[in-house]
Every structure is written in structure tokens, then in C-alpha cells.
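Q: First residue of the sequence shown: 2, per our numbering; consecutive thereafter.
The structure that follows is given in the form of C-alpha cells.
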Amino acid sequence: MKKNRILKGCVISNKMKKSIVVIIQHKIKHSIYKKYIKRTSKFYVHDENNECNIGDIIKFKESKPISKTKFWILIKIIKKNLLNN
């Protein structure tokens, strides 16, 4: 895996202490049918100050392993979800 990858995604859960679950969507091309298929990936991101809410668009980067499932750190919140406040 490459280090220092930076991704952008949407927060879908913030129920854990100092952790959030982020989902990103990407498209892949089917090898036989040549149609694009939507795929989603789920990432566990370290949120030190518990500042993210569900629906926020964030930018996060890869880091050393923090726990069994967390390998990503929050960089900044790009867009706050105004409906949850």
C-alpha cells in the first residue's frame, strides 16, 4: 500500500469515541459488459476531537496503524451537514 494517500468521503457513523466511519463511492468498468458499476468502500478514520457529524464531507489521509481497523487520520472537514446541527 502506498503511504500518504489522501481521500475524500462522507461520514456515515460517529458513534465510537474518537472514530468515524467514512464511505467513498467509485466506479469500475465491468470486464465483459463494459458498463460502469458503482462500488463503495468503508474506512475507519481517527477523529481526535470528535468534531465530525453524520453527513459531513471530509478529507482524510493514510497513516500508521492506530488500531486493528483504523489506518486513516482526519485532515479537515470540507463541508458540514447543516441538517444534523
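Glycine residues also receive a C-beta, built at the ideal position from the N, C-alpha and C atoms.
Remember, predicted model here, so these are calculated numbers, not experimental data.
1) Measuring alpha carbon to alpha carbon, tell me which of Asn5, Ile29, His31 and Asp48 ends up nearest Val23.
2) With distances taken from CA atoms, which of Ile29, Ile55, Ile33 and Gly10 is nearest Lys39?
3) Does Asn15 pass the burial test, meaning 16 or more other C-beta atoms within 10 Å, or should it be called exposed?
4) Where Leu83 and Pro66 are concerned, what is the direct C-alpha to C-alpha distance, given to the nearest angstrom?
5) Is the CB-CB distance between Ile25 and Thr41 below 8 Å?
6) Spell out the partners DSSP gives Thr41 in its beta bridges.
7) Can you tell me whether DSSP reads Lys36 as helix, strand or coil?
8) Span of the beta strand (DSSP E) holding Ile78?
A: Working from what's here:
1) Here the question's residue 23 lines up with position 22 in the sequence shown. Of the listed residues, the one whose Cα sits closest to Val23 is Asp48.
2) On the sequence shown, residue 39 is found 38 positions in, with the first residue counted as 1. When only C-alpha atoms are compared, the closest one is Ile29.
3) Numbered from 1 along the sequence shown, position 14 holds the residue referred to as residue 15. Classification of Asn15: buried, given that the 10 Å Cβ count is 16 or more.
4) For the purposes of this step, residue 83 is identified with residue 82 of the sequence shown, where counting begins at 1. For the purposes of this step, residue 66 is identified with residue 65 of the sequence shown, where counting begins at 1. Approximately 32 Å between the Cα atoms of the pair.
5) Residue numbering aside, residue 25 sits at position 24 when the sequence shown is read from its first letter. Residue numbering aside, residue 41 sits at position 40 when the sequence shown is read from its first letter. Result yes, Cβ atoms of Ile25 and Thr41 sit closer than 8 Å.
6) For this step, residue 41 is matched to residue 40 along the sequence shown. Note: Thr41 sits in a beta bridge opposite Gln26.
7) Along the sequence shown, one-based indexing puts residue 36 at 35. In this structure, Lys36 counts as coil in the three-state DSSP scheme.
8) For this step, residue 78 is matched to residue 77 along the sequence shown. Here the beta strand (DSSP E) through Ile78 covers Lys71 to Lys80.
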